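A.B. asks: Residue numbers (the working numbering): 46 to 522. Okay, handing you the structure first.
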């Protein structure tokens, strides 16, 4: 691997994070938050200086190959999180850097887990910075680089392949940069629509912008301790629920709808299954008594189902206090996640379908040993490589979640440890017990926070990209 090419791209990523910090500093000034504005501003200057030095030192780089693309994605996300941690550590006295790193990783991976017991005590600039991090991480910071930054053509291809290793593989335009621009345009357009609707529902501009970023990115960071429940508004819940459901649908499908193909989402089996899981989850919670009456149970159940299935993590009810069967359904939905090509995390609905198809075929081959039973999905034969890849990914996913839970059980109860590992790996955020939707991860010790941060990054990068960093072959020239 040629590190000069890798760190040249990373210099652009650090500059983007620094600009977000500078924009957040400008938000703090009207509220009289001088200390926060200074911390955010100094972090922005330090980031731009570091990015400039790194860019100059690596400007004579070669084009990116596949290994360099993997290195940029893995090390780029780590570098962005490391620099994004500085404003949290500088702006709040007594906040350790590790806590700031956890918060920045949670934001960039759109996990939404927080170490702050009371987010309402944070300056407006930091709250806005958290929302911007989720907005940037939702569609993929590398997708932004492919869209607008001057990279070599071959490098753009490698970045696109590595960044979308489990997601947006389809193109809607022949050129990668055009595809990335369309995706970001739709992303920002949805965010603007959600912002406007939330304002019409009674939110002020600041809350509306922050929650719109968190909704469309499937992030879940809120400006209130009680999350969406703090607003006590049915219209707000309906807008956020719709936004969360849309964030779990492939962006390519949504773009094709805008291009006139209204049936594009319904042609996709994974979208149909995703919507069915959303509705089944909501009605299950309603019938399970997760509310004072069926109507309230359905209202909270549909919101919770959309929140955990899309891996957003917003809350209007404390599912950590629900019955055990309801908590198991919550964890199952969080584990499954949204569709491939969306901003959602989790194992992904498409892999669940492939796993079910593989099981069904295995049963058929047991009954008819000589039969040739190809797997068909959406009217076409699925390649064996895709089925095998889905099964292997699911096994690796389960192994990482189990290993993470085993280590976390040293500091947390069994239910908290397993739910925290699943929640971090699926980029959902809230877990069970003290880590519930109205709780925080403040009590988790430093090693546990670092492990959870690593699981968040692994989940966001679809496991393989981050795990490849620990493979010696990646670093050989």
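No residue lacks a Cβ here, since even glycine has one placed at the ideal position from N, Cα and C. Being a predicted model, the structure only gives us computed values, none of them experimental.
Bridge partners of residue 425, per DSSP?
C.D. replies: 422
A.B. asks: Would you kindly work out how many angstroms separate the C-alpha atoms of residue 320 and residue 49, rounded to a whole number?
C.D. replies: Each residue's alpha carbon lies about 45 Å from the other.
A.B. asks: Counting pairs of Cβ atoms below 8 Å between the region 373 to 381 and the region 268 to 284, do you hit three or more?
C.D. replies: no
A.B. asks: For residue 498 and residue 315, what's the separation of their Cα atoms in angstroms?
C.D. replies: Between residue 498 and residue 315, the C-alpha separation is close to 29 Å.
A.B. asks: Am I right that residue 70 and residue 170 are in contact with their C-beta atoms under 8 Å? What's the rounded C-beta distance?
C.D. replies: Contact holds; Cβ gap of about 6 Å.
A.B. asks: Would you check if there are 3 or more beta carbon pairs closer than 8 Å linking the region 111 to 118 to the region 158 to 168?
C.D. replies: no
A.B. asks: Helix, strand or coil for residue 456 per DSSP?
C.D. replies: Three-state result, residue 456: coil.
A.B. asks: Hey, quick one: how far does the alpha helix (DSSP H) through residue 58 stretch, first residue to last?
C.D. replies: Its alpha helix (DSSP H) spans residues 48 to 73.
A.B. asks: Which of helix, strand or coil does DSSP assign to residue 246?
C.D. replies: coil
A.B. asks: Relative to the alpha-carbon of residue 84, which residue among 75, 134, 413 has its alpha-carbon at the smallest distance?
C.D. replies: 134
A.B. asks: What residues in its chain sit with their C-beta under 6 Å from that of residue 131, if we drop five residues either side in the sequence?
C.D. replies: 88
A.B. asks: Can you tell me which of the three DSSP states residue 125 falls into?
C.D. replies: The three-state secondary structure of residue 125, taken from DSSP, is helix.
A.B. asks: State yes or no: is the C-beta of residue 286 nearer than 7 Å to some heavy atom of the ligand GDP?
C.D. replies: Questions concerning the ligand GDP fall outside what the structure shown contains, since it holds no ligand whatsoever.
A.B. asks: Which runs of the beta strand (DSSP E) fall wholly inside the region 301 to 362 and span at least 3 residues, in chain order?
C.D. replies: You should have found no qualifying run.
A.B. asks: Between residue 153 and residue 384, what straight-line distance do the alpha-carbon atoms span, to the nearest angstrom?
C.D. replies: Cα-Cα distance, rounded: 19 Å.
A.B. asks: Looking at residue 81: is its Cβ nearer than 8 Å to the Cβ of residue 136?
C.D. replies: yes
A.B. asks: In angstroms, rounded to a whole number, what distance separates the CA positions of residue 172 and residue 180?
C.D. replies: So the alpha carbons of these two residues sit roughly 13 Å apart.
A.B. asks: For residue 199, does the three-state DSSP call read helix, strand or coil?
C.D. replies: The predicted position of residue 199 is uncertain, since its pLDDT is 38 and thus under 50; a value taken from the coordinates is nonetheless stated next. It is helical.
A.B. asks: Going by C-alpha distance, which of 167, 291, 105 is nearest residue 76?
C.D. replies: 167
A.B. asks: Shortest alpha-carbon distance to residue 356 belongs to which of 470, 410, 103, 177?
C.D. replies: Nearest of 470, 410, 103, 177 to residue 356, Cα basis: 470.
A.B. asks: Pop quiz: residue 439 and residue 396 are said to be a contact at Cβ under 8 Å. What is the actual Cβ separation, rounded to whole angstroms?
C.D. replies: 6 Å
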